[in-house]
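Reading through the structure tokens given below for one structure.
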Amino acid sequence: MGLESWAGSINLATPAGGLIRRLIGLLPAKRQLTITVFGSAPLQIAIDSSLTSADIDMFSDWEPLNKLVHDHRLGTGQAEFFIQVSSELNFRTSPAWRERAQSVQLANCTLRFPHPIDILIAKLNRLEEKDLEAFRVVIRKTGHPTEAELIHELQMAVDLFRPGFDEEQGHDMANNCRRLWPLIYGREIDPRKEIIAPALQKRREGYGEPARDYKQELRDAVRASELVQESHQRP
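Just so we're aligned: 219 in the numbering used here is position 233 of the sequence shown, and the numbers increase by one with no gaps anywhere.
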């Protein structure tokens, strides 16, 4: 069953949808622009309207959006339910997210809502209690992602498992997978064995590289031969 079967449908008659519609009414009318909504809001809008969140995370190709939000007192610290304007860099998820996002046109604005799988993958970067609850809600409502689906999608997004830069706040995707799996799927997981290694193997095969690391085997054989020679030379 494909991902499109559980993408949900856009329902802007929700708390998040209402705030987004209010924002759209404040945008300049003569410019076409795109706003991408991420975080928990797309799950409230497309999967379960009862899923709560304190804010709506978004980014846009229109740079003055953050100023407009704060000028109308809709931003962080200005309202109980507020809009957080971020950078696309803050949405750390599968590289395939754009091709499976849903879009809705309101006035001169294209609203883009990533697929729930991409929202959940992004939540694995921190995996706070609210993120665990998002997994529970989506699986309860849709039956997805299955364990096999999530493993496949994480393999296709394997670069998310790379260590962060020294200047970044640490995000440990592998450790968060170890935390998630017993709570959601009822078993332990070895992310290196079940996600990272198979993904890197697929990448090597795509480059036409041999499945075995013959270069490393050769280096090991040479080193073993050197050690044997050294042992024979000892008195």
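Don't be surprised by glycine CBs; every beta carbon is placed ideally from N, CA and C.
Limits of the beta strand (DSSP E) - the one that residue i falls within
i, result
"Asp43", "41 to 46"
"Val55", "Taken as a continuous stretch (DSSP letters only), Val55 belongs to no beta strand (DSSP E), being part of the alpha helix (DSSP H) at 51 to 57."
"Leu92", "88 to 92"
Helix, strand or coil at residue i [DSSP, three-state]
i, result
"Gln64", "coil"
"Ser73", "coil"
"Thr22", "strand"
"Leu13", "coil"
"Ser(-9)", "helix"
"Tyr145", "This sequence places Asp at residue 145; Tyr is not what is there. Here Asp145 sits in helix by DSSP."
"Ala(-1)", "coil"
"Met186", "According to the sequence provided, residue 186 is Leu. The question's Met does not apply to it. Leu186 falls in the helix class under three-state DSSP."
"Arg173", "coil"
"Ala82", "coil"
"Arg178", "helix"
"Gly192", "helix"
Unbroken alpha helix (DSSP H) run spanning residue i, endpoints
i, result
"Phe99", "Segment 95 to 99 is the beta strand (DSSP E) holding Phe99; no alpha helix (DSSP H) there."
"Val123", "115 to 128"
"Leu169", "159 to 170"
"Ile103", "102 to 109"
"Ile31", "27 to 32"
Buried or exposed (CB count within 10 angstroms, at least 16 for buried), residue i
i, result
"Pro28", "buried"
"Arg78", "buried"
"Ser36", "exposed"
"Pro286", "Since the first residue shown for the chain is -13 and the last is 221, residue 286 is missing from the structure and cannot be characterised."
"Ala(-1)", "exposed"
Any non-hydrogen atom of the ligand GDP closer than 7 Å to residue i Cβ
i, result
"Leu9", "The ligand GDP is not part of this structure, which contains no ligands at all."
Notebook entry, point to check: Touch check for the stretch 99 to 107 and the stretch 20 to 27: three-plus C-beta pairs under 8 Å?
Noted result: Touching, yes, given that three or more Cβ pairs across the two stretches are closer than 8 Å.
Item checked: Validate contact between the stretch -12 to -4 and the stretch 122 to 141 using beta carbons, cut 8 Å, 3 pairs -> Contact between the stretch -12 to -4 and the stretch 122 to 141 is present: three or more C-beta pairs spanning the two stretches fall below 8 Å.
Next item on the list: Please determine if the stretch 141 to 149 and the stretch 181 to 193 are in contact, where contact requires at least 3 C-beta pairs separated by less than 8 Å.
Entry: The stretch 141 to 149 is in contact with the stretch 181 to 193.
Margin query: Closer than 8 Å is the cut-off here; do at least three beta carbon pairs connect the stretch 104 to 120 with the stretch 159 to 171?
Written below: Yes, since at least three Cβ pairs between the stretch 104 to 120 and the stretch 159 to 171 fall closer than 8 Å, the two stretches touch.
Item checked: At least three beta-carbon pairs within less than 8 Å, the stretch 60 to 80 to the stretch 42 to 52 -> Contact between the stretch 60 to 80 and the stretch 42 to 52 is present: 3 or more CB-CB pairs across the two stretches fall below 8 Å.
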